[in-house]
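Numbering (my numbering), first residue to last: 1 to 190.
Just so it is clear, CB atoms sit at the ideal spot from N, CA and C, and this is done for glycine as well.
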């Protein structure tokens, strides 16, 4: 399984072969996209995450939590590769954590399930959509399951079969154009 991030492409032939997500060159992190595919999820006995808190990313809780929403204790908004300064953001390094998922430049992923598996770890199932009419390719929808290690409300690591990626939050005002002035309020606020 490939890592899936806010602005990095995940899935697809190249990513599946290498086991690490490829990063797209074009697109918009502010395009939330929507996809739902719960069929590929595996059952888990991990406890559900507490009820959704305002300003946090959320997904369906484990089945035994009946209808409750789960959340990651992370600040919503733009995240960038940990080794890159916010002022040097690009499509290759930037992601957008929104209420219902994580977007990369070309791959919107919707959280379908979030389970707390340890003090700072969460098992995150996502339904992702790559390609499609806007990109002139056939749409590829797939499920991705990763572990998110939350270091703080503004820094986390996505751990998958192909490796790991650590990202940090960037205040929108610290980003270069066009991200600095994108209106993302409707997808990162309640």
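Go through its chain and collect everything with a Cβ distance to residue i's Cβ below 8 Å, but skip five positions before and after it.
i, result
"residue 157", "148, 149, 151, 164, 165, 166, 167"
"residue 133", "139"
"residue 77", "96, 97, 169, 170, 171, 172, 184, 188"
Sort out for me which residues DSSP pairs residue i with in a bridge.
i, result
"residue 130", "140"
"residue 81", "167"
"residue 102", "97, 109"
"residue 149", "121, 157"
Do you know offhand how far residue i's Cα is from residue j's?
i, j, result
"residue 146", "residue 159", "6 Å"
"residue 47", "residue 181", "With a pLDDT of 41 at residue 47, under the threshold of 50, the predicted position of this residue should be treated as unreliable, and no value is reported."
"residue 122", "residue 170", "22 Å"
"residue 120", "residue 96", "21 Å"
"residue 103", "residue 142", "14 Å"
"residue 162", "residue 137", "25 Å"
"residue 174", "residue 71", "26 Å"
"residue 118", "residue 124", "13 Å"
Are residue i and residue j touching if we call contact CB-CB under 7 Å?
i, j, result
"residue 144", "residue 126", "yes"
"residue 109", "residue 100", "no"
Starting from the C-beta of residue i, find all residues in its chain whose C-beta is less than 6 Å away, skip the five residues before and the five after it, and write them out in chain order.
i, result
"residue 84", "93"
Residues in its own chain within less than 7 Å of residue i by CB, not counting five upstream and five downstream?
i, result
"residue 80", "86, 89, 93, 94, 167, 168, 170"
Beta-carbon of residue i versus every beta-carbon of chain C: anything under 7 Å?
i, result
"residue 75", "Chain labels in this structure do not include chain C; a single protein chain is all it has."
At least 3 beta-carbon pairs within less than 8 Å: the stretch 88-95 vs the stretch 107-125: Flag = no, the stretch 88-95 and the stretch 107-125 do not touch.
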